[in-house]
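Residue numbers (full-length UniProt numbering): 1 to 184. Glycine is no exception: its CB is placed at the ideal position from the N, C-alpha and C atoms. Quantities reported herein were computed from a predicted structural model and do not represent experimental measurements. Here the structure is laid out as structure tokens; the discussion comes afterwards.
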Amino acid sequence: MNDQRFDRTLQLVGQVYVMPDYYEVGREKIRELSRALQNDHPAHHREDAAAELGYRGLVAPATFVSVVGSVALDYLFSYILVEYEITAVLQTEQKFVIHRPPVPGDQLVSSLTLQSIRQAAGADIMVVENHVTADGEDVVTSTTTFITKTDAEVDPAAVALVDAVLPAGVPRVGPTARPVPSRT
1 MNDQRFDRTL QLVGQVYVMP DYYEVGREKI RELSRALQND HPAHHREDAA
51 AELGYRGLVA PATFVSVVGS VALDYLFSYI LVEYEITAVL QTEQKFVIHR
101 PPVPGDQLVS SLTLQSIRQA AGADIMVVEN HVTADGEDVV TSTTTFITKT
151 DAEVDPAAVA LVDAVLPAGV PRVGPTARPV PSRT
């Protein structure tokens, strides 16, 4: 079963899956997150301060992309990498390239690509890219490495726990991801 799962997942390498919906950035959500992070940079709270830096609205802090990332992660393991249970997956590395900060009104679209998968020491190691755009303009690109034991047993109580701690209000998406031609 594990070799079959690996082989099926290997066939997904290079496919690009565009999320079926966008995440719209809100002005108050930027302020909320900035307060929660105790980030008092004026560009996160005052439009005039953001305008002085050349932005059309408040500037989201760098960690704002984690909101979009959590939606993409749920989608990835619910509709693309369906043979892997998220409770048995460990994120081991993540890199971000922030092309520009999100601003209010941006409709952020995620495109997910399984960059690679390999096996080592009884585990599947996957590298996934999440390319986020707004109106076709690059906003952020993250590359994340996940590892999962190939013989991992899933504990239903652990699944319930993960579901219980996921952020409230994180939108869940339907199984309508579609492969599109890869970017070059």
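- Rounded to the nearest whole angstrom, the C-alpha separation of E85 and A157 is 13 Å.
- Cβ-Cβ distances below 8 Å link V13 to L114, Q115, S116, I117 in the same chain, with the five nearest sequence neighbours on each side left out; the list follows chain order.
- At least 8 Å separates the beta-carbon of V128 from that of V139.
- A straight-line Cα-Cα distance of about 16 Å links F6 and T145.
- Taking the CA atoms as reference points, A160 sits about 14 Å from D74.
- Per DSSP, the beta-bridge partners of Q107 are E24.
- Your pair R27 and P104 checks out as a contact, with CB atoms roughly 4 Å apart and the cut at 8 Å.
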